[in-house]
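Position 298 of the sequence shown, counting from 1, maps to 282 under the numbering used here, and the rest follow consecutively.
The structure appears below as structure tokens.
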Amino acid sequence: MNQSQKRIAVLGSTGSIGTQTLDVVRRNADRFRVVALAAGHDSDAFQEQMAEFQPALSATGDAATPEGLAHIAGSPDVDTVVLAIPGLAALAPALAAIKEGKTLAFASKEILVVAGELVMSEVARTGAALLPVDSEHSALWQCLAGEPKEAISRLILTASGGPFYARDDAELESVTPEEALAHPTWRMGPKVTIDSATLMNKALEVIEARWLYDVGYDQIDVMIHRQSINHSMVEFTNGMLKAQLSMPDMRLPIQYALAYPERIERPSDWRELDYSIDHTFEALERGRFPCFWLAVDAARSGKTYPAVLNAADEIAVELFLSGAISFTSIPSLIMVALDAHTPVSRPTLDDLLAADMWARDHVRDSAKAR
């Protein structure tokens, strides 16, 4: 192995972020080497990845437990962990990587949504590098580079609005999973795609930004930007604005995180920025997309509410994709769980895990009772 190669572990290798990460590695074999792969289920795709990259470490199926993933993430043979697994199962490997002071390139929002204070305190203690892979947070990270915190006026996250932004609320009751999965600009996994359709994903990014950049919720705004060219902006106290623009391709922020602090050349077959595309921006109205507002209110309430929010959304989306509930039932089931929850102040990790389990059961029971 070339000693200058970064040794990469990809957790969630068969998902959307995982496969795009492996494409980046494949195109930069002189810089990166895959030493570990993990996926929730064994499959032909996973076996093909194993045959191609021949990692020393792997986990799938019963071996891909939080403990098994944490073992890989904390291995001394790994330099950079790409965290691309859904749900709270991401937390154990995240903490394992952080404990060892590794670089964590993460797309799993849950680690900050549910346990932001805990994760960031561990990052401060160990000096681990926490690098965002999401396009919006990669944009904010790049715009904030070299800027003093006191110069920040606000962070502006952009949102495509998903496939239903132009539809009346009355039309959403009959939305099918196939329609909701047809995102207009991004190629993502099913959970993130449905969250984008409800705008829950954008609210989770707001929570993520609060912890990742240590700003208050009053300093974070969201603008609808249908073209997905402007990935986010930072407004400074002197009235100036920085923005990061590129064509919508998740491989760009993935490559930036893997190569950081270097910038490596974009492959010639990736799309160049089309400067002729018109850019439009709209404010997000309070009355639309109830998932977004439920999530932001839960985040402001703190305690164990974000853990309940995250788990309730995960189960509600799962039920919608299976055909068990309607699209408009997603926010109502989340609201029922939040209203029924008895929060814990200054929660420990055990408190967060307990709130997560409670919310999952509550949403399933509520859905059955309908």
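Just so you know, even glycine gets a beta-carbon here, dropped at the ideal spot from N, CA and C.
Express the C-alpha separation of residue j and residue i in angstroms, rounding to a whole number.
{"i": "Ser92", "j": "Gln38", "result": "25 Å"}
{"i": "Asp179", "j": "Ser144", "result": "12 Å"}
{"i": "Val62", "j": "Ala54", "result": "12 Å"}
{"i": "Ala35", "j": "Leu21", "result": "11 Å"}
{"i": "Ala57", "j": "Lys83", "result": "10 Å"}
{"i": "Lys86", "j": "Ala113", "result": "6 Å"}
{"i": "Glu256", "j": "Met231", "result": "7 Å"}
{"i": "Ser137", "j": "Arg(-9)", "result": "38 Å"}
{"i": "Arg15", "j": "Asp253", "result": "19 Å"}
{"i": "Gln239", "j": "Thr142", "result": "21 Å"}
{"i": "Met217", "j": "Pro132", "result": "16 Å"}
{"i": "Ala(-7)", "j": "Val18", "result": "6 Å"}
{"i": "Asp349", "j": "Arg10", "result": "45 Å"}
{"i": "Arg210", "j": "Pro168", "result": "9 Å"}
{"i": "Asp258", "j": "His325", "result": "48 Å"}
{"i": "Ala13", "j": "Asp153", "result": "48 Å"}
{"i": "Gly71", "j": "Val301", "result": "12 Å"}
{"i": "Trp287", "j": "Arg330", "result": "The sequence as given places Lys at residue 287; Trp does not occur at that position. For Lys287 and Arg330, the distance between alpha carbons rounds to 6 Å."}
{"i": "Leu293", "j": "Ile318", "result": "7 Å"}
{"i": "Arg235", "j": "Asp46", "result": "29 Å"}
{"i": "His263", "j": "Leu333", "result": "43 Å"}
{"i": "Ala150", "j": "His121", "result": "25 Å"}
{"i": "Tyr384", "j": "Asp28", "result": "No answer is possible for residue 384: it lies beyond the span of the chain, which begins at -15 and ends at 354."}
{"i": "Ala23", "j": "Ala129", "result": "33 Å"}
{"i": "Thr3", "j": "Gly173", "result": "11 Å"}
{"i": "Ser306", "j": "Ala74", "result": "23 Å"}
{"i": "Glu157", "j": "Asn185", "result": "20 Å"}
{"i": "Gly223", "j": "Asp205", "result": "16 Å"}
{"i": "Arg109", "j": "Ser260", "result": "46 Å"}
{"i": "Thr64", "j": "Ala78", "result": "11 Å"}
{"i": "Pro315", "j": "Ser59", "result": "40 Å"}
List the residues that DSSP assigns as beta-bridge partners of residue i.
{"i": "Asn214", "result": "Leu229"}
{"i": "Ile(-8)", "result": "Val18, Thr64"}
{"i": "Met207", "result": "Thr142, Ala267"}
{"i": "Thr87", "result": "Thr64, Ala113"}
{"i": "Ala23", "result": "Thr44"}
Where does residue i sit, in a helix, a strand or coil, going by DSSP?
{"i": "Val117", "result": "coil"}
{"i": "Ala48", "result": "coil"}
{"i": "Arg10", "result": "helix"}
{"i": "Ile261", "result": "coil"}
{"i": "Ser304", "result": "Sequence inspection shows Phe at residue 304; the Ser mentioned does not correspond to that position. Three-state DSSP puts Phe304 in a helix."}
{"i": "Ser92", "result": "coil"}
{"i": "Ile69", "result": "coil"}
{"i": "Phe148", "result": "coil"}
{"i": "Ser285", "result": "helix"}
{"i": "Phe311", "result": "coil"}
{"i": "Glu219", "result": "strand"}
{"i": "Ile248", "result": "coil"}
{"i": "Ser59", "result": "coil"}
{"i": "Ser137", "result": "strand"}
{"i": "Phe276", "result": "helix"}
{"i": "Met224", "result": "coil"}
{"i": "Ala187", "result": "helix"}
{"i": "Arg194", "result": "helix"}
{"i": "Gln126", "result": "helix"}
{"i": "Phe165", "result": "Per the sequence presented here, residue 165 reads as Leu, with Phe not at that position. Looking at Leu165 - three-state DSSP - the assignment turns out to be coil, as it is neither helix nor strand."}
{"i": "Glu155", "result": "helix"}
{"i": "Trp254", "result": "coil"}
{"i": "Gln38", "result": "coil"}
{"i": "Pro174", "result": "helix"}
{"i": "Ser329", "result": "coil"}
{"i": "Pro77", "result": "helix"}
State the CB to CB distance for the pair residue i and residue j, rounded to an integer number of angstroms; the pair is presumed to be in contact (CB under 8 Å).
{"i": "Ile213", "j": "Phe265", "result": "With 8 Å as the limit, Ile213 and Phe265 do not qualify as a contact, their Cβ atoms being about 11 Å apart."}
{"i": "Val328", "j": "Ala339", "result": "7 Å"}
{"i": "Ala296", "j": "Ala343", "result": "5 Å"}
{"i": "Leu183", "j": "Cys275", "result": "6 Å"}
{"i": "Ala123", "j": "Gln228", "result": "4 Å"}
{"i": "Thr5", "j": "His25", "result": "Going by Cβ atoms, the distance from Thr5 to His25 rounds to 18 Å, so no, they are not a contact pair."}
{"i": "Leu196", "j": "Pro116", "result": "7 Å"}
{"i": "Val66", "j": "Leu(-5)", "result": "7 Å"}
{"i": "Leu322", "j": "Leu278", "result": "7 Å"}
{"i": "Val199", "j": "Leu139", "result": "6 Å"}
{"i": "Thr221", "j": "Ala135", "result": "5 Å"}
{"i": "Ile1", "j": "Ala68", "result": "4 Å"}
{"i": "Val159", "j": "Phe30", "result": "32 Å between Cβ atoms; not a contact."}
{"i": "Gly146", "j": "Ala181", "result": "4 Å"}
{"i": "Ser119", "j": "Pro290", "result": "Ser119 to Pro290, Cβ: 22 Å. No contact."}
If we define contact as Cβ-Cβ less than 9 Å, is residue i a contact residue for chain D?
{"i": "Gln211", "result": "Absence of chain D from the displayed structure is noted, only one protein chain being present."}
Between residue i and the ligand HEM, is there a pair consisting of the residue's CB and a ligand heavy atom that are separated by less than 8 Å?
{"i": "Leu317", "result": "The model depicted lacks the ligand HEM and carries no ligand whatsoever."}
Worksheet item: Is there contact here, the segment 264 to 279 with the segment 160 to 167, by at least three beta-carbon pairs under 8 Å?
Response: The count of Cβ pairs closer than 8 Å, one atom from the segment 264 to 279 and one from the segment 160 to 167, stays below three, leaving the stretches out of contact.
Worksheet item: Between the segment 44 to 54 and the segment 276 to 288, do at least 3 Cβ pairs fall closer than 8 Å?
Response: As far as the Cβ criterion goes, the segment 44 to 54 does not touch the segment 276 to 288, which means the pair count is below three.
Worksheet item: For the segment 245 to 255 against the segment 76 to 92, are there 3 or more C-beta pairs whose distance is under 8 Å?
Response: no
Practice prompt. May I ask you to verify whether the segment 188 to 204 touches the segment 95 to 109, counting CB pairs closer than 8 Å and requiring at least 3?
Written response: yes
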